[in-house]
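Chains as they are written, first to last, in our numbering: chain A, 16 to 303; chain B, 281 to 488; chain C, 406 to 765.
We put the beta carbon where it would ideally sit given N, CA and C, even for glycine.
Structure first, commentary second.
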Amino acid sequence: MSAKVPNQKAWFLVLPVVVLVAFNAVIPLMTVVNYSVQETFGDNVFFFEGVKWFREVLHSERFRLSLQRQLLFTGIVLAIQLPLGVAIALAMPRKGPWVSVNLVLMAMPLLIPWNVVGTMWNILALPDIGLLGHTLNAMGFDYNYTRQPVAAWATLIAMDVWHWTSLVVLLAYAGLSAIPDAFYQAARIDGASGWAVFRFIQLPKMKRVLTIAVLLRFMDSFNIYTEPIVLTGGGPGNATTLLSIDLVKVALGQFDLGPAAAMSLIYFLIIMLLSWVYYTAMTKDEVE
Amino acid sequence: MRRVKWLVPFVYILFVLAPIYWLLNMSFKNTNEILGTFTLWPRTFTLENYRKILTDPTWYGGYVNSISYVAMNTVASVLVALPAAYAFSRYRFLGDKHLFFWLLSNRMAPAAVFALPFFQLYSAIGLFDTKLAVALAHCLFNIPLAVWILEGFMSGVPKELDETAFVEATPSGASSCASSSPPSPRASAWRPSSASCSRGSSSCWPRR
Amino acid sequence: MARIRLENLRHSYRARPGEDADWALKRLDLEWGAGSANALLGPSGCGKTTLLNIISGLLRPTEGIVRFDEQDVTLLPPDARNIAQVFQFPVVYDTMSVYDNLAFPLRNRGLAGAAVDGRVREVAALLDLDGMLPQRADGLTADGKQKISLGRGLVRSDVNAILFDEPLTVIDPHLKWRLRSKLKELHQRLQTTMIYVTHDQTEALTFADQVVVMNDGLVVQSGTPVELFERPRHTFVGHFIGSPGMNVLPATFEAGVARFAGHPVEVVPPRRAPRAGAVLELGVRPEFVRFADAGIPVRIGKISDAGRHRVVETQHEGAVIRLLVDEGAPVPAERGHLRFDPAFTQLFADGWTTAGEGPP
Chain A
16 MSAKVPNQKA
26 WFLVLPVVVL
36 VAFNAVIPLM
46 TVVNYSVQET
56 FGDNVFFFEG
66 VKWFREVLHS
76 ERFRLSLQRQ
86 LLFTGIVLAI
96 QLPLGVAIAL
106 AMPRKGPWVS
116 VNLVLMAMPL
126 LIPWNVVGTM
136 WNILALPDIG
146 LLGHTLNAMG
156 FDYNYTRQPV
166 AAWATLIAMD
176 VWHWTSLVVL
186 LAYAGLSAIP
196 DAFYQAARID
206 GASGWAVFRF
216 IQLPKMKRVL
226 TIAVLLRFMD
236 SFNIYTEPIV
246 LTGGGPGNAT
256 TLLSIDLVKV
266 ALGQFDLGPA
276 AAMSLIYFLI
286 IMLLSWVYYT
296 AMTKDEVE
Chain B
281 MRRVKWLVPF
291 VYILFVLAPI
301 YWLLNMSFKN
311 TNEILGTFTL
321 WPRTFTLENY
331 RKILTDPTWY
341 GGYVNSISYV
351 AMNTVASVLV
361 ALPAAYAFSR
371 YRFLGDKHLF
381 FWLLSNRMAP
391 AAVFALPFFQ
401 LYSAIGLFDT
411 KLAVALAHCL
421 FNIPLAVWIL
431 EGFMSGVPKE
441 LDETAFVEAT
451 PSGASSCASS
461 SPPSPRASAW
471 RPSSASCSRG
481 SSSCWPRR
Chain C
406 MARIRLENLR
416 HSYRARPGED
426 ADWALKRLDL
436 EWGAGSANAL
446 LGPSGCGKTT
456 LLNIISGLLR
466 PTEGIVRFDE
476 QDVTLLPPDA
486 RNIAQVFQFP
496 VVYDTMSVYD
506 NLAFPLRNRG
516 LAGAAVDGRV
526 REVAALLDLD
536 GMLPQRADGL
546 TADGKQKISL
556 GRGLVRSDVN
566 AILFDEPLTV
576 IDPHLKWRLR
586 SKLKELHQRL
596 QTTMIYVTHD
606 QTEALTFADQ
616 VVVMNDGLVV
626 QSGTPVELFE
636 RPRHTFVGHF
646 IGSPGMNVLP
656 ATFEAGVARF
666 AGHPVEVVPP
676 RRAPRAGAVL
686 ELGVRPEFVR
696 FADAGIPVRI
706 GKISDAGRHR
716 VVETQHEGAV
726 IRLLVDEGAP
736 VPAERGHLRF
746 DPAFTQLFAD
756 GWTTAGEGPP
């Protein structure tokens, strides 16, 4: 890559972006920070409370449960989507007439608006008239995602897998396509088995791409809001109330500004911390 | 094993298509059939549903709203992101790495965190419940992504191309647009589609 | 090491090849002796990589037979042929150490630990890699990695042939000659059959005892570097080899006398008469052209200094003739006469020499 020229005037080019993003990011965040350390009893009167809200949130059973549910959800989803995505990418043809058909069909779930995804699965999983719901019940399972927590979780996870595995597939596929044929040829000549080819050639060469995939999937699944709220509304009861959903309930449902703000900051911090740790760990032996 | 490798993507694609097929199936049925019976294809095929969403204002109003604020957002995002991406790709300036990282970090912000603040912010500036507000709000997530992707593409355009354009005595603004943009239309085209997906779906923002 | 023979080989990438242009490799018969150093030389797209891949087994030829020491290996996969291939860019297993990289082919074949260790150290010493054995392979420079690629081929003691596909492409120029000498040294030491594909004539001519020149899927000439230089079979070989290339001048041939622009020129006696209507050309290398008192009258043009000699460009009736003049030897100021050495001047009909066999 050709060297960049030092030029402080470049700030003018960047200024519009900074203004727009800062307007949308900094002001709200300042608001949030503001609320997180104050208490109000209405009429726009505020009292400084320090870390009271933070302590309250961190000790609250409700927050802990939401966080647990969120971690469980993200954990399961990553554990399914990553190996599945890589496996599918490995099996997809890289040459020949079916390549483009595969890619287009694979990309479809990614193009669908998220609330449509939620609605689609909502209808699909309805116990009596949905394809999935009806089939499962006909096969003898007692399945009703609106009433059973386990069924709700299973449906939620199936929906997320349906929606986002394709992202992992496409990223892994791109990584695989970048491997020159010579590596496979050399491996053949060296007498390497299929497993050895995967372990010593494909996996190392996909490392960069997979790091991005994990990071993106982690962030998005940790932040997920639209799909579950449309699918289950957080229910039955609290069963699928993930962090985002809980936060919105507290903030806009109950209008508890203080706790909501504190929760927001803690939420944001958790993601940044985990992402940073993961990213540093993955790229520490890479020389940029 | 090599023979049946194609089975893996094939089965997965069937899984991908199943809900979409079900949606299509239902879109051609009337309400009675949907609620009453379970059929794999419409027994009473009807286009009534499509007619309804295309003629009933409460339905198609949604499309109009979406298209208008996606258009606004896309134009705004690409307009500001292009010069920024150019700057990141070609120049070094004070705080550039930190700025880039800050921009990207907004991508990992939970949308829920901004629900309340946006509510208050846009009320405060009198834009509450407008399409413009939605378009602006989505800049928070879209612009960083746009800058990231466009910067990647621009770094792929050799600097020499810019320099030739400048030397060929065109006004500098036009030349940089002309030379940086042709290799980037693919990048710019990608933006609207990803914008409209999460745009069209965030139930937080438009409070109709 | 094995003697390699290609019989009646032809290859097309199309399903149903029809005319000549559909064939990536036109019909050829080639033989390489056991333990010989050979080169496949030609411009990009001439089919040399295709030919190499057929020899290594990565490609199955449309027609013909490949033999290693009389055994028909045409249908055998690469790992069954016992060959080693070094590619254009280094192919190493990044996550493994240099040691493990070299040991990989042996371990895959189930060799015992002690035997593996012995072999690996032996080959590492041969390639000057012994100091780096415990290091991770991806930390090495390009030439180091190419040596690892080479090493993985050498580590198998029963290897039939080592095939090189433009292996010095990614190596820095000042390191190229080092690796080149290493390869030559290795050949002399191991006496393994080696086939080296390249588009660089210097690499080919300095490495190989036998060079096959290819163009457009056709084997144009196969011979020693000297043969190719002094007796090119086709004007293409004349152009491609040597710098500057051979002079090719329009000619006529009547009553057994070849003429250039009306002047009679003595050539190597044609063994066959050119067909009627053939395009006739005279070919003579600048090395074999001299100034003389009488001969073809020319106007002196540019003189370039090439170190120990100078390249003089002359003109006669629109044709450019180049010759080499030793440092210090006189060059006429404006006009002079040229004489072509008859032993090295050939008459070419449709590009093919009349002094030897014609087109295949």
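DSSP three-state assignment for residue i, whether helix, strand or coil
i	result
serine 627 of chain C	strand
glycine 148 of chain A	helix
serine 586 of chain C	helix
histidine 766 of chain C	A query on residue 766 of chain C cannot be resolved here, the shown segment of chain C reaching from 406 to 765 and no further.
histidine 418 of chain B	coil
glutamine 83 of chain A	helix
leucine 374 of chain B	coil
glycine 544 of chain C	helix
tryptophan 470 of chain B	A caution first: tryptophan 470 of chain B carries a pLDDT of 46, below 50, which makes its placement in the model too unreliable to give a value.
threonine 603 of chain C	strand
arginine 526 of chain C	helix
methionine 287 of chain A	helix
leucine 35 of chain A	helix
valine 716 of chain C	strand
methionine 619 of chain C	strand
glycine 688 of chain C	strand
lysine 309 of chain B	coil
threonine 89 of chain A	helix
glycine 761 of chain C	coil
glutamate 571 of chain C	coil
Short Cβ contact (8 Å threshold) for residue i with residue j
i	j	result
alanine 663 of chain C	leucine 752 of chain C	yes
threonine 161 of chain A	proline 243 of chain A	no
proline 289 of chain B	alanine 106 of chain A	yes
alanine 122 of chain A	valine 183 of chain A	no
leucine 538 of chain C	serine 586 of chain C	no
alanine 201 of chain A	phenylalanine 492 of chain C	yes
leucine 414 of chain C	leucine 433 of chain C	yes
alanine 748 of chain C	valine 673 of chain C	yes
leucine 401 of chain B	proline 43 of chain A	yes
glycine 206 of chain A	proline 495 of chain C	no
valine 725 of chain C	isoleucine 708 of chain C	no
glycine 688 of chain C	proline 655 of chain C	no
valine 114 of chain A	proline 108 of chain A	yes
glutamate 692 of chain C	arginine 715 of chain C	no
glycine 761 of chain C	arginine 676 of chain C	yes
proline 390 of chain B	asparagine 238 of chain A	yes
valine 52 of chain A	phenylalanine 63 of chain A	yes
Under 8 Å by beta carbon: chain A residues contacting residue i
i	result
methionine 388 of chain B	Met234, Asn238, Ile286, Met287 and Ser290
Chain A contact residues for residue i, given Cβ-Cβ distances below 7 Å
i	result
proline 510 of chain C	Asp205 and Gly206
isoleucine 576 of chain C	The contacting residues do not exist; isoleucine 576 of chain C stays about 16 Å from chain A at best.
proline 483 of chain C	Arg203 and Ile204
tryptophan 302 of chain B	Leu139 and Leu146
valine 496 of chain C	Ala197, Phe198 and Ala201
serine 307 of chain B	Per Cβ cutoff of 7 Å: no residues; serine 307 of chain B is ~11 Å from chain A at best.
Beta-carbon neighbours of residue i, restricted to chain B and to distances below 9 Å
i	result
proline 98 of chain A	Per Cβ cutoff of 9 Å: no residues; proline 98 of chain A is ~12 Å from chain B at best.
glutamine 23 of chain A	Tyr371, Phe373 and Leu374
Within chain B, partners of residue i - CB distance below 8 Å
i	result
asparagine 117 of chain A	Pro289 and Ile293
Interface partners of residue i on chain C, CB under 9 Å
i	result
phenylalanine 213 of chain A	Within chain C, no residue comes near phenylalanine 213 of chain A; the closest Cβ sits about 12 Å away, beyond 9 Å.
Contact set between residue i and chain B, taken where Cβ atoms lie within less than 7 Å
i	result
lysine 19 of chain A	Arg370, Tyr371 and Arg372
Under 7 Å from the C-beta of residue i: neighbouring residues of chain C
i	result
proline 219 of chain A	Asp499 and Thr500
Inset, instruction - May I have a chain-ordered list of the alpha helix (DSSP H) segments no shorter than 4 residues that lie completely inside the region 210 to 242 of chain A? - result: Restricted to the region 210 to 242 of chain A, the alpha helix (DSSP H) segments that are unbroken, complete and at least 4 residues in length are 218 to 237, listed in chain order.
Inset, instruction - Tell me the start and end of each unbroken alpha helix (DSSP H) in the region 432 to 520 of chain C that is at least 4 residues and wholly inside, in chain order. - result: DSSP runs (the alpha helix (DSSP H)) wholly in the region 432 to 520 of chain C: 453 to 461, 483 to 486 and 503 to 513.
Inset, instruction - Tell me, please, whether the region 374 to 387 of chain B touches the region 415 to 435 of chain B by the rule of three or more beta-carbon pairs shorter than 8 Å. - result: Verdict: yes, contact present.
Inset, instruction - Could you say if the region 524 to 531 of chain C and the region 408 to 425 of chain C meet the contact criterion of at least three C-beta pairs nearer than 8 Å? - result: Judged by Cβ distances under 8 Å, the region 524 to 531 of chain C makes no contact with the region 408 to 425 of chain C, as fewer than three pairs qualify.
Legend entry - the region 632 to 644 of chain C touching the region 608 to 618 of chain C, judged by at least three CB pairs closer than 8 Å: Output reads yes: the region 608 to 618 of chain C touches the region 632 to 644 of chain C.
Inset, instruction - Specify whether the region 28 to 39 of chain A and the region 362 to 375 of chain B touch according to this definition: at least 3 beta carbon pairs, one from each stretch, less than 8 Å apart. - result: They touch, by the three-pair rule.
Inset, instruction - Evaluate contact between the region 158 to 177 of chain A and the region 230 to 246 of chain A, counting only Cβ atoms and requiring at least three cross-stretch pairs below 8 Å. - result: Segments in contact, yes.
Legend entry - Contained alpha helix (DSSP H) runs [length at least 4] in the region 335 to 401 of chain B, N- to C-terminal order: With a minimum length of 4 residues, the unbroken runs of alpha helix (DSSP H) contained wholly in the region 335 to 401 of chain B fall at 337 to 370 and 376 to 385.
Inset, instruction - Flag this pair as touching only if the region 591 to 607 of chain C and the region 438 to 457 of chain C have three or more C-beta atom pairs under 8 Å; answer yes or no. - result: Enough Cβ pairs lie closer than 8 Å, so yes.
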